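The structure under discussion appears below in the form of structure tokens.
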Amino acid sequence: GARIFTPVRLLPFDHPEAEHHQFPNALQIYGTELNVLLWLGHKAGYELWATITRYPQEPSPNWPYAGFSPPDTAHLDQTPCVNRPAADAPFRGLRAVLFVNRQPVCFMVDTRNLTLAERGMAKPTTMGLDMTRAEFLQGLARAAMYVDPRSSAAVIFGQ
Numbered sequence: 401g402a403r404i405f406t407p408v409r410l411l412p413f414d415h416p417e418a419e420h421h422q423f424p425n426a427l428q429i430y431g432t433e434l435n436v437l438l439w440l441g442h443k444a445g446y447e448l449w450a451t452i453t454r455y456p457q458e459p460s461p462n463w464p465y466a467g468f469s470p471p472d473t474a475h476l477d478q479t480p481c482v483n484r485p486a487a488d489a490p491f492r493g494l495r496a497v498l499f500v501n502r503q504p505v506c507f508m509v510d511t512r513n514l515t516l517a518e519r520g521m522a523k524p525t526t527m528g529l530d531m532t533r534a535e536f537l538q539g540l541a542r543a544a545m546y547v548d549p550r551s552s553a554a555v556i557f558g559q
């Protein structure tokens with residue numbers, strides 16, 4: 401039901417780790433993902449160190465996805481944040497998205513304080529939202545309208 405997303409990694413459905421799930425849970429944080437999640441969480445008002453560094457496994461400095469680039473953290477401290485009211489979020493519960501050239505790199509969804517009705521749901525789901533991966537990605541794409549298409553920026557919805 402109402403909960404914050406656990407870390408998910410939106411790998412292609414046919415990737416072995418995705419196991420054809422719409423939103424596969426990340427069993428371990430790799431490479432620079434930890435720094436990006438902690439940074440974006442902090443910007444959105446969350447302090448995630450204790451949770452992310454132990455759940456369900458300690459982070460690894462390795463990057464096991466040869467076909468994908470790890471998140472770039474070289475200029476993360478200089479990345480601008482665009483603050484928008486929660487009502488501007490393309491779907492309820494979306495709190496923050498980090499974009500690079502309008503491509504989502506990291507996101508935070510928190511449905512803990514939303515009722516089922518506020519989320520347009522008749523019954524609870526494991527992710528706290530009743531939507532497909534395609535609908536979720538369309539929502540992230542709509543959130544990109546708040547950022548410059550040629551650079552990195554984060555959008556923070558509500559506070």
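Just add 400 to the spot in the sequence shown (first one is 1) and you have the numbering used here. Glycine is no exception: its CB is placed at the ideal position from the N, C-alpha and C atoms. The model shown is predicted, which means the values in this text are computed figures rather than measured ones.
Out of the options, which one is the CA nearest neighbour of residue i?
i	options	result
L476	A554, M508 and P407	A554
I429	Y446, L410, H421 and D414	L410
G493	L529, R542 and R454	L529
I404	L448, H421 and R533	L448
M545	P412, E535 and R484	R484
Y465	P504, E518 and E433	E433
Q457	A426, F468 and P416	A426
V408	D488, L516 and F536	F536
D488	P412, F413, Q559 and H415	Q559
P504	L437, T406 and H415	L437
Considering only the beta carbon of each residue, do residue i and residue j sit closer than 8 Å?
i	j	result
N435	T473	yes
F491	G539	yes
F557	A486	yes
T532	Q422	yes
P461	T453	no
Taking residue i as part of the alpha helix (DSSP H), name the residues at either end of that continuous run.
i	result
N435	E433 to K443
R484	That residue, R484, is in no alpha helix (DSSP H); its beta strand (DSSP E) goes C481 to R484.
R495	Premise fails: R495 lies in the beta strand (DSSP E), L494 to V500, not in any alpha helix (DSSP H).
W449	W449 to I452
Within a Cβ cutoff of 6 Å, which residues of the same chain sit near residue i, ignoring the five residues on either side of it in sequence?
i	result
G401	Reliability fails at G401, whose pLDDT of 44 lies under 50, so the model's placement of it is uncertain and the value that follows must be treated cautiously. So the qualifying residues of the chain are P524.
W463	Y430, G431 and P470
A543	P490, V497 and V555
F413	H420
Leaving out the 5 sequence neighbours to the left and right, which residues in its chain are closer than 7 Å to residue i when beta-carbon positions are compared?
i	result
L440	A496, L498, C506, M508 and A554
V547	V482, F499, R502, A553 and V555
M521	D530
P549	N501 and R502
P424	V408, R409, L411, E417 and A418
V406	Looking at the sequence shown, residue 406 is not Val but Thr. Correct list, in chain order: N425.
Ends of the beta strand (DSSP E) at residue i?
i	result
A544	Counting along the chain, A544 falls outside any beta strand (DSSP E), and DSSP gives it neither H nor E.
I556	S552 to F557
V509	Q503 to V509
By Cβ distance, which residues of its chain are closer than 8 Å to residue i, with the 5 residues on each side in sequence left out?
i	result
K443	C481, A496, A554 and I556
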